[in-house]
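A quick write-up on the structure given underneath.
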Amino acid sequence: MLLAGPASATVPTAEAAPTHAQPGKPGKPDLAEKRGEQLARTLVRTTTGKGAMRHLVEFQRIADAHGGNRAAGTSGYDASAAYAARVLERAGYDVTLQYFSFLYRETVTERLVQLSPEEREIEVRLMSHTANSPAGGTTAELVEAPAVGGDGAGCTAESFAGGDFEGRIALIQRGVCPFALKQANAADAGAVGTIVYNNVEGQLNGTLGEPGAGVLPTGGISLADGEALSAALSAGETVVVDFEVEEFAEERTTPNVLAETPGGDPSNVIMVGAHLDSVVEGPGINDNASGSAGVLETAVQLAEATRMGKKGASPHTGPNKVRFALWSAEELGLLGAHHYVDELTEEERESIALYLNFDMIASPNYGLFVYDGDGSEGLSAPGPEGSAQIEHLINGFMEDKGWEPRPTAFSGRSDYGPFIEVGIPAGGTFTGAEGVKTEAQAELWGGVAGVAYDPCYHAPCDDLSNVDATALDINVKVIAYATARYSWSTASLDRPVPPGPPADPETADSGGLHGDHDHGHEDAA
0 MLLAGPASAT VPTAEAAPTH AQPGKPGKPD LAEKRGEQLA RTLVRTTTGK GAMRHLVEFQ
60 RIADAHGGNR AAGTSGYDAS AAYAARVLER AGYDVTLQYF SFLYRETVTE RLVQLSPEER
120 EIEVRLMSHT ANSPAGGTTA ELVEAPAVGG DGAGCTAESF AGGDFEGRIA LIQRGVCPFA
180 LKQANAADAG AVGTIVYNNV EGQLNGTLGE PGAGVLPTGG ISLADGEALS AALSAGETVV
240 VDFEVEEFAE ERTTPNVLAE TPGGDPSNVI MVGAHLDSVV EGPGINDNAS GSAGVLETAV
300 QLAEATRMGK KGASPHTGPN KVRFALWSAE ELGLLGAHHY VDELTEEERE SIALYLNFDM
360 IASPNYGLFV YDGDGSEGLS APGPEGSAQI EHLINGFMED KGWEPRPTAF SGRSDYGPFI
420 EVGIPAGGTF TGAEGVKTEA QAELWGGVAG VAYDPCYHAP CDDLSNVDAT ALDINVKVIA
480 YATARYSWST ASLDRPVPPG PPADPETADS GGLHGDHDHG HEDAA
């Protein structure tokens, strides 16, 4: 196993001129594609949810032995990375641990108590990178900063012109501009804290963006709690709250786990990845040990199918190099994937033909979502050229199996984001996070309407009992199929494909992954 340096390790430089697609007749599969289809049939048969489950069992065991989580920068993550590296190395891959530095953050205190006109506790979640409250918290009156004209609440100084915010706590509704701007404007108006309430149902989680962005103690609350506070203020009541948030932060190092086939064309690399880290609140078995387990099991079965690393075996799976990636610190803002992409030279970026991403693939109340690479469903902008073709290939495979895929927004809110930012085509699948399943989706896939796809999202109960075996098996086979096909040929990336149909709002997922990550550090309107 190659142990790279703490912050500067990269994958080997490409050895040949970059090419993202191999020749093929327009509209017709070439010989390599046929070979890829043959390998795909074998891999789909041997790569199963049952096989992936053995990795999930190990990740649960690791979390249990390390404080109940596998978060980046903790011993639970390090043990998870070591396990994945062992599995991949034993299968015959060249394995690299790519270390990078990051700011580890952990919630210490979240408290909000309304003291008048009535006393009640209100659930609050601190915004990542918040400024910490004074010791013991702050007791102060609440004043609301409304929307003014076409600007969102708190987005301009005009929002604060109608009230006295000096020494008070600003109440601001989510929408239009970044959370960081709202709290900065509140600070300029003299406020001593900021409470942002959601503009959709549910609890609000968010981030102020980057270290140093927090100038005021800032937390998020639900739409219902925010509207109740707003109504009291509108009625002329004096609303006093006791507010305290504290976040622990320190610099730590953590590794991405990278594994690639010993052979294959280094100028035409197929990447398949998932994030390995959990949140600190729980073991993260669906989010995202499930995606990691699917990638690991695909890698193991690909090596077995091609007898990679064994005597008398072919030196590689197909003409292309396959590189598997398990990312760290996704939950803190896609940090591992960003580090990997940022460290690539231009030649190395050009050598990556495509990236396939799998995040939360076993949600207990699942949907079968495919990233909207062509943007035809109106959920998000189209991805880089080739993304539509990836979506088309995955949809075609799933439809042939009778699995009824539907689109999800291709918004950059999971680890494919850094890849599409530099023009690398991407795609993948997702089974839902905190979004609520509709009646139409329940009719299509089963499950319970009116309940979140994953009721244990980012919670301690995201354990082995929080996994749907059917969803896991379906998505593991998607990973196997796409990996095998592209390991032999990427010619289809250059072929036109028909656009997908307009999205049905009753069955599509417009939120993407994940609703409360806000990795782009932007507020949602």
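Each residue of the sequence shown is one higher than the last, beginning at 0 in numbering that gives the first Met the number 0. Glycine residues also receive a C-beta, built at the ideal position from the N, C-alpha and C atoms.
- With a beta-carbon spacing of about 19 Å, F178 and T137 fall beyond the 8 Å limit used to define contacts.
- In summary, Q37 is exposed, with fewer than 16 beta-carbon neighbours lying within 10 Å of its beta-carbon over all protein chains present.
- For V56, the uninterrupted alpha helix (DSSP H) run begins and ends at 48-64, by DSSP.
- Bridge partners of E243 according to DSSP: R110.
- Where W487 is concerned, the enclosing alpha helix (DSSP H) starts and stops at 468-487.
- Taken atom to atom, the span from the alpha-carbon of W487 to that of E32 is near 6 Å.
- CA-CA distance, G411 to V239, rounds to 39 Å.
- E505 sits exposed, since fewer than 16 C-beta atoms from the chains shown fall within 10 Å of its C-beta.
- Distances from the CA of G427 to each of L87, G382, K436 were compared; the closest alpha carbon is that of G382.
- With fewer than three CB-CB distances shorter than 8 Å, the region 124-141 does not count as touching the region 359-371.
- Around the beta-carbon of D63, fewer than 16 other beta-carbon atoms lie within 10 Å, marking it exposed.
- Counting along the chain, no alpha helix (DSSP H) covers W402, and no H or E run does either.
- Scanning G283, F418, H337 for the CA closest to the CA of P254 turns up H337.
- Taking E403 as the centre and dropping the five residues before and after it, the same chain places the C-beta of L367, M397, L443, W444 closer than 8 Å to its C-beta, in chain order.
- Taking each of V256, T305, S291 in turn and checking the Cα distance to A51, the smallest one comes out for S291.
- In this structure, the CA atom of E109 is about 21 Å from the CA atom of N198.
- Distance from the CA atom of E296 to the CA atom of Q97, rounded to whole angstroms, is 21 Å.
- Annotated as distal: L301 and L492, with beta-carbon spacing of 8 Å or more.
- Closest option to V278, judged by alpha-carbon separation, among H457, A479, R34: H457.
- Contact holds between the region 318-326 and the region 245-262, because three or more Cβ pairs, one in each stretch, are under 8 Å apart.
- One thing to note: S375 has its Cβ no nearer than 8 Å to the Cβ of F409.
- Cα atoms of V299 and A185: separation of roughly 53 Å, rounded to the nearest angstrom.
- Taking 8 Å as the cut-off, the beta carbon of S386 is found closer than this to the beta carbon of G372.
- Beyond the five residues adjoining it in sequence on each side, L207 comes within less than 6 Å, by CB distance, of M126, H128, F178, A179, G213 in the same chain, given in chain order.
- For K320, the enclosing beta strand (DSSP E) covers residues 319-326.
- Straight-line spacing of the CA atoms in S158 and V147 works out to 6 Å.
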